[in-house]
Amino acid sequence: MDKKMAQLMEIVGKTNVFDNPQMGKDFSPVSDHVTSIKPRYMVKPKDVNEVQKIVIWANKTHTPLIPLSSGGPHFRGDTSPTVHGAVVVDLSGMKRILKIDRRNRLVCLEPGVTYTTLLPELQKEGLRIAMPILPRSNKSVLTSLLEREPVLSPKYQWNLLEPLRSLEIVWGNGDKIWSGSGVFRGEKEEDWKEGLVPVWGPGPMQLDYYKFVSAAQGCMGIVTWASVKCEVFPESRKLFFIQAQKLDDVIEFTYKLLKFRLGDELFIINNTCLGYIIADKPEEASALKATLPAWAVVLGITGGQILPGEKVEAQESDISDIARQFGLEMVPEIENCSGRELLELLLKPSEEPYWKLRYKGGAQEIFFLTTLDRTPGYVETMHSAADESQYPIGDIGVYIQPVHQGVCCHLEFVLPVDLMSPAESSQGQKLFRDASHRFFNQGAYFSRPYGIWADMVYQKDAKTMMVMQKVKEIFDQNNVMNPGKLCF
Amino acid sequence: MALEDFAAEMDRCSQCSYCKWIPFDHIKSWRYAKNCPSVSYNNFNSYSARGRYAVARSLLKGQSGYSDKVRDIVYKCMTCGSCDVSCKVCRFNLEPLDMVRELKFKLVEEGHVLDEHQTIVESLDKEHNTMLQPKTGRGEWAEGLDVPRLFSKEAEIVFHAGCRFSYDRDLWNSVRSAVTILKNAGMDVGIMGEREMCCGGRIYSMGYRNEFVRFAESNIKAWAKAGVRMVVTSCADGYHAFKRLYPRLGFQVQVMHVVELLNHLINEGRLVLRSEIPMSVTYHDPCHLGRQGEPYVPWDGVEKKIKSQIIVYEPKRPRYNGAWGIYDQPREILKKIPGLQLLEMERAREYSWCCGAGGGVREAYPEFSMWTAAERIAEAKATGAEALVTACSWCERNFMDAIIAQRDAMKVYDIVELVQEAI
Amino acid sequence: MTMPKNIYKALEGIVGPENISDDPAVLDSYRYSLAHTAIHLGPFFDTFTPRGSAVLLPGSTEEVQAIVKLCNKYRIKFKASSTFWSAQGYPSEDNTIQLDMRRMDQILEIDEKNMFAVIEPGVIGATLQAEAMKVGLNTHIPGAGCSCSTLAGATSYFGSGPSNLYGGWHYDNLLGVEWVMPTGEILRTGSLGAGCGWFCGEGPGPSMKGVARGFIGSKGAMGVYTKCAIKLFAWPGPTTLPVEGIVPAYKTSLPDNFKAYTVAFPSWKSWADAVYTIWDTGVGYIAHRQYSMFGRDLKFAMIKILTDPTKTLGDLEEILDDPEVQKITEESKRDFQIVLAGMTKRDIEWQDKALDEILSRTGGWKVEAMNEPEINKWMLLYLIRLGHKNLNLVFGGSYDGCFGLLGSADFGTSHVEEAAEFKKRWEKRGAVVEAGGDCMMGPIGGQGGGGTCLWENFTCFDPYDRDSIEGTLEFFDACTELGLERGWGVGMEKWNSQARGPDGRIAPKEERDRIHLSAPQPDIFRYQHKIRKAFNPNDLGDAYYETLDDS
């Protein structure tokens, strides 16, 4: 046993340090964002004190740390070591739901809490959380929020980091702070009763600490718990479709809903992508494409707390009217897909295998932020890039998720590839790179710059990079946190 | 009053900058949201009521002296009173317009005057008008009119033409029409002719308080001698002087602006507007007729506090907030002219934008004055109106000059001209 | 101290001679009376913020950048302000150059579809709202009122106000920002820096907007924000506000999809229950405890004055004697105002019904006197435009807030009565207006969707009266003492006390260190110190950016 391992064992206990030869595989992404190097060890801390000790140790020993909360498969390479000798800090064991407070609609949770474990607990308290689209069953809730993954209900996102609130952060230098109003961490039950609760995200003063760790790919520090704002679990809930042959035909309608904040879950999806979601098997997905509408706005209407039924009824009528104004129709089901069934799927994590992988076993994702009116242009670009790469256009899944109450949207292309086929894998990689560059040149905003996107964005925005490096220097001067990612 | 009497206000001004904007409730666009030409043109805070409170305080405390910049700050105020209206949306114990006037008085009393103003005052002393013209020509505007001249004849009503109307030939049609209409409506109206003297309002707004008092007393005496029962004027500056300032000196004769009287005559059926004027117009509220045209209410009291720290006055102090000026009468007249369409500007009534001619600014800072007028013309044009109508000779002249300078086609009328045309 | 001629000339070369002044009178008009913001350490009677060494009116980002670079070259402190509301907008150290941003006042763009506006510092809430309404949108107007710079509230201060609930506070609404950093370099945050437009302020990757502002902004102590994008939200009303009435009793008649109510409750517990249920249900466009700022005992009488243009403060005592007014005053003791705005007819019907149901479940009621048309229309306009904000100062010319009790609705309501009673006892001493103790104003929803409240207990006094000032400060000290004793923390009355000493200048370092070391997390200020060192190496801002250097 080498010295480092012994030191780590001293911190987290013998059984929580791993030196498994298979680890390298576990941390490789299924797509081609980065080239992964096998980590030296993996450690599983149990609490913040251990995390803090690990980080302090890493600073002393100049050991790179890779924080990891979710289970695999990993897609984007952010948790793949890209330097030698790294130690993966696996936080999946820190999986306590520390508190669910119905009155203030807050949940405090550790990084290892997954959607699978959280959702039923929330429901018991009459709460729910704004969900990303079909997350992996082992996906860490905290990681998803930290990575600014879009959620299905844009209306609750008063800012892009919603519903994330206060955090406990161990910086790369080993310091620990509570951001937002995390100083009120509700350790005493009386505090919760008196309303001393971690309800704020920003600050707490003139710096916005939680923004430094958001979409940071673990490069700044490790978050050991977070408070998250919840929504009321709806007593009444319906899901509808508004279908169209062309994406352009639903844009104005969607804008109208966003403006009036009508509906709850709201996104646009193409037939391919919807097929990937609802199909159990690859061949089903192929068949579904043909019957599903080329484009559909998927819209949930919810009512909770006060007069829920009346609210749902009123919105259903209003949205139907608005749809008609745009020459569209709102329907509870489309061929081969009922709203009720899709809602069932959307309210929980993805079944295994993960929905993006079901069709071909592997998938490339390209996603970025843009405004809704510009999405048809990007879809055209994707098609033309795919055409040139001889990638089947019919396999391109498109998911458009308005965020931040509709100010902009997450546009995602899902490109299934068969990783077992070197030719297809290589074709997929080529398309990924080519399309990414085309989108970038077209004004796509890669706000979560994984892999090659980081080089693209930081080369263009040198000033932001300079500021990031100064901030990094303050919080992680030894660059122990996930080196090699972003611009560090 | 003296500037020192405003020391409390200087500290109580909350430095909120409401004085730079029209009352916020009325803002309809970014373009026409500002109210104070002075700070809008000069930009430094010092050129707002808020800033002038601070400048006055600084002077009183001896923290700054009477520099050229201070003169610029003080005299580049039209005393249009728009700051006063906006301030009083929320305050009951500040009088920014009175303070700014007092600041001007102070500078004049201390001898920090502008040459351009001094020239006018010196000429006024000799010629009794602010137009730098011989007094002998004052009555020429009325030549050929069958109207009695006081004192040689008697009349119940004296029509005061004012300096600008008396000497600005382009505007004579308005006053000649006014007198004619009144006479035709059976009013017993006379004029002072070459004996008419400046009301003093213009120099009052430049800061020459003592000179104003001299002229006011002379006019009061002259009208008493003539035995008039009412003073009617087409000049908004004159109206303000007679209605608001003269009563402080004991003047008790009834004062009416010609628009009040014309509207009264129309309502009584003594004046009928029959001829169609197919034109769209917008009406500019002169500052001295609108927000400063509220009647004088005598008050002699002191400040006191209730509820420990609420500042009130014993007895209750009258509140001039611009609400009760002459706004409806001119609009009612225009609406009664057949074929005429009245369109409102975004800034109207008590929150109207100044024409730029007041406070001695036209005389001393012509470029700034013209900019102010041009702003108003742009606003008038934005309504789609063909013509800009007003009820003040100074406004009319400033607009006409700005239109000429801009080579614009906008027409400008005094309201009386349109009434005459519509009869 | 006079600015060296060569520096003045250089600055003049940047902005032009008409946009710079060092005349003492001009400089004195850029000072703020500390008697108006006694939240700082006192006594402040007759004390103003330090005189700047010059005032500049830059007209573009390039000019701002050139000024800041020059300031770095000569190590001159600078402070920018847009609408100069309150002492935070003024320097706290001598020989500071003041930048008045009013010339940069353009609304550069309103993106109707994507619901945001791009603005410069001089744009105020009222003008942005007026322009937004033309395209069916609205902007959140912070509690400082519509007279204040939208950009300043969003980037540099707090940005919270009555429409937080639906419109989001300006922390939420701030998208892309153009920031001339203290070194003169320009950072454009988020999608703006990436050349993709203004729609997103975060990222790429970790969001460096977090350096520009946190829970609160840097109050002009860290460079100059020259442009920003602000998220807007739906305005389901007419394209211009139809305003009627006589100054100052302006009012508006809006279509039936707008409702304005004053609701009141039998206990603070039921008040909180209602607030939580409103948040859970998702009703409300604007919600604020507004008129209690006049004081529990005076609020309805003041509304009677403010809605009748013939009345003045001189009528107050007579109105207070009216038994009907007394009855309504008692009835609205634990109240707040709420505006509902229906995006559709069905929406307003549902919201209206839901509010009734919430009141019924919590034992609350609508204060009927506030539904009287003249008052109701006045209230509606007041809350939408927030153009009468300076009624804060109506009584004696000055006010300041104490306590605050910032946090969840349960936190504030647990202590509001004690704080009110405490103030009431102090009111009797005569230094501040006797208003009934509970003068607590604040949003029903401190952030988008609710979740928090603020209880700013308005304390009104006379800035021209030394006894009033000193008595107020004594009271504020007592508030802090009570807050600490009761575990509420230091209240608003001292929130900025680190930035001003008794002479209006920066508080001594020892005092600032004492304050920051006593904070729950001193490290927060240590990190701010590090950030300041990294981004403001020549230390050209003031102590409004709070730092702790105890190494």
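Just so you know, the protein sequences line up as chains A, B and C, in that order.
Per my numbering, the first sequence starts with residue 4, numbered consecutively.
Per my numbering, the second sequence starts with residue 75, numbered consecutively.
Per my numbering, the third sequence starts with residue 9, numbered consecutively.
For each residue, glycine too, the CB sits at the ideal point set by N, CA and C.
Could you please tell me which residues of the stretch 153-166 of chain B, in chain order, have their CB closer than 7 Å to any CB of chain C?
Val159, Lys162, Val163, Cys164, Arg165, Phe166
Enumerated in chain order, which unbroken segments of the alpha helix (DSSP H) with a length of 4 residues or greater are wholly contained in the stretch 374-416 of chain A?
378-391
Going by C-alpha to C-alpha distance, which of C:Ile238, C:Thr135, C:Trp358 sits closest to Ala125 of chain C?
C:Ile238
Looking at the strands, I want to know which residues DSSP matches up with Met449 of chain C.
Residue pairing of Met449 of chain C in beta bridges, as defined by DSSP: C:Glu464.
Under DSSP, the beta strand (DSSP E) around Met484 of chain B begins and ends at which residues?
Premise fails: Met484 of chain B is in no beta strand (DSSP E) and is neither H nor E.
Where Ile269 of chain C and Gln318 of chain A are concerned, what is the direct C-alpha to C-alpha distance, given to the nearest angstrom?
The sequence shown places Tyr at residue 269 of chain C, rather than the Ile named in the question. In a straight line, the C-alpha of Tyr269 of chain C is about 24 Å away from that of Gln318 of chain A.
Give, in chain order, every unbroken run of the alpha helix (DSSP H) that is at least 4 residues long and sits entirely within the stretch 247-326 of chain C.
276-289, 307-314
Can you round the beta-carbon distance between Leu323 of chain B and Glu291 of chain B to whole angstroms, since I take them to be within the 8 Å contact cut?
6 Å
Threshold first: 3 residues or longer. Then list the beta strand (DSSP E) segments lying entirely within the stretch 83-121 of chain A, N to C.
90-93, 100-104, 109-112
If the cut is a Cβ gap below 8 Å, which residues of chain C does Asn109 of chain B touch?
Contact note: Asn109 of chain B does not reach chain C at a C-beta cutoff of 8 Å; the least C-beta distance is about 12 Å.
Taking all protein chains shown into account, decide if Lys180 of chain B is buried (16 or more other Cβ within 10 angstroms of its Cβ) or exposed.
buried
What residue ranges within the stretch 26-78 of chain C form continuous alpha helix (DSSP H) runs of no fewer than 4 residues, ordered along the chain?
Restricting attention to alpha helix (DSSP H) runs no shorter than 4 residues, the stretch 26-78 of chain C encloses them at 32-36, ordered along the chain.
Can you name the residues of chain C whose CB is closer than 7 Å to the CB of Ile309 of chain A?
Thr285, Thr289, Ala362, Glu365, Ile366
Using a Cβ cut-off of 7 Å (strictly closer), state whether Ala282 of chain A contacts chain C.
For Ala282 of chain A, the answer is no, since every Cβ of chain C falls outside 7 Å of its Cβ.
Would you kindly check if the distance between the Cβ of Ile69 of chain A and the Cβ of Ile14 of chain A is under 7 Å?
no
Please give me, in chain order, every unbroken run of the beta strand (DSSP E) with length at least 3 that falls completely inside the stretch 131-176 of chain B.
none
So what does Gln246 of chain A bridge to, in DSSP terms?
A:Ala299
Grab me the residues of Val226 of chain A's own chain with a C-beta within less than 7 Å of its C-beta, minus the 5 sequence neighbours each way, in chain order.
Hits under 7 Å: Pro114, Leu145, Leu149, Leu170, Glu171, Ile172, Val216.
Does any residue of chain C bring its CB to less than 7 Å from the CB of Val51 of chain A?
no
For Pro70 of chain A, report the span of its beta strand (DSSP E) as first-last.
68-71
For Lys142 of chain A, which option in A:Gly88, A:Lys98, A:Ile180 has the closest C-alpha, if you only look at C-alpha atoms?
A:Lys98
Just checking my contact of Arg423 of chain B with Gly364 of chain B at CB under 8 Å: how many whole Å lie between their CB atoms?
Their Cβ separation, rounded to whole angstroms, is 6 Å, which keeps Arg423 of chain B and Gly364 of chain B in contact under 8 Å.
Could you tell me the alpha carbon to alpha carbon distance between Ile411 of chain B and Ile340 of chain B, rounded to whole angstroms?
11 Å
Tell me the DSSP secondary structure of Arg124 of chain B in three-state form.
In the structure shown, Arg124 of chain B sits in a helix (DSSP, three-state: H, G or I).
Looking at chain C, is there any beta carbon in it that lies within less than 7 Å of the beta carbon of Ser450 of chain A?
yes
For Gln334 of chain C, name the three-state secondary structure that DSSP assigns.
Helix, per DSSP.
What is the residue span of the alpha helix (DSSP H) that Cys236 of chain C lies within?
It is not in any alpha helix (DSSP H) - Cys236 of chain C instead sits in the beta strand (DSSP E) that spans 232-239.
Apart from the five residues on each side of it in sequence, which residues of its chain come closer than 8 Å, Cβ to Cβ, to Ile254 of chain C?
Pro317
Of all Cβ atoms in chain C, is any one closer than 7 Å to the Cβ of Gly125 of chain B?
yes
Closer than 9 Å by beta-carbon distance: list the chain C residues that pair up with Arg99 of chain A, in chain order.
Chain C residues near Arg99 of chain A: none, gap ~23 Å exceeds 9 Å.
Please list, in chain order, the chain B residues whose beta carbon lies closer than 7 Å to that of Cys468 of chain C.
Going along chain B in sequence order, the residues near Cys468 of chain C (Cβ under 7 Å) are Gln383.
Hey, Leu443 of chain C and Asp305 of chain C: beta-carbon distance below 7 Å or not?
What sits at residue 443 of chain C in the sequence shown is Ala, not Leu. Yes, the Cβ-Cβ distance between Ala443 of chain C and Asp305 of chain C is below 7 Å.
Cα separation between Gly508 of chain B and Val232 of chain B?
Nothing about residue 508 of chain B can be reported from this structure: the residues present for chain B run from 75 to 497 only.
Measuring straight from C-alpha to C-alpha, what distance separates Phe52 of chain C and Lys379 of chain B?
21 Å
Could you say which of C:Lys517, C:Val440, C:Gly491 lies nearest to Leu481 of chain C if we only look at CA atoms?
Nearest of C:Lys517, C:Val440, C:Gly491 to Leu481 of chain C, Cα basis: C:Val440.
Against chain B, with Cβ distances strictly below 7 Å, would Ser7 of chain C count as a contact?
Absent from the structure is residue 7 of chain C, since the part of chain C shown begins at 9 and ends at 559.
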